[in-house]
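Q: Take this structure first; my questions come after.
Residue numbers (this note's numbering): 35 to 140.
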């Protein structure tokens with residue numbers, strides 16, 4: 035392939051890239067319009083999000099205290115933490131994750 039052929043091939047590829055860019059920009063503009071539309075619909079939504087679990091409303095008029103460990107070291111530790119959290123007035127036990135070294139699934 036001589037120099038002119040190489041330059042023509044590069045130009046052809048650049049033109050293809052530019053056509054792809056035009057499609058991407060058009061689609062991003064379309065996506066932005068949809069996102070704006072969703073935002074406008076949400077702005078007019080009057081009801082609050084309320085999650086109900088086991089007789090407790092999270093997001094309702096009352097403050098719901100959640101507490102618990104960041105990580106679970108053992109089943110014993112989790113149950114002891116749950117008892118202490120309940121005695122302290124929390125209504126929901128926050129779910130921690132097992133550390134890799136203490137996971138029964140490892």
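The beta-carbon is built from N, C-alpha and C at its ideal position, and this holds for glycine as well.
Specify the secondary structure class of residue 51 as computed by DSSP and reduced to three states.
A: Looking at residue 51 - three-state DSSP - the assignment turns out to be helix.
Q: What do you reckon, are the CB atoms on residue 115 and residue 103 nearer than 9 angstroms?
A: Yes, the Cβ-Cβ distance between residue 115 and residue 103 is below 9 angstroms.
Q: Per DSSP, residue 127 forms a beta bridge with which residues?
A: Note: residue 127 sits in a beta bridge opposite 101.
Q: Output the distance between the C-alpha atoms of residue 86 and residue 48, rounded to the nearest integer angstrom.
A: If you take the alpha carbons of residue 86 and residue 48, they lie about 56 angstroms apart.
Q: Does the structure place the region 63-80 close enough to the region 98-113 that three or more beta carbon pairs sit under 8 angstroms?
A: The region 98-113, when compared against the region 63-80, does not touch it at the 8 angstroms Cβ threshold.
Q: If you reduce the DSSP assignment to three classes, tell me which class residue 41 lands in.
A: Here residue 41 sits in helix by DSSP.
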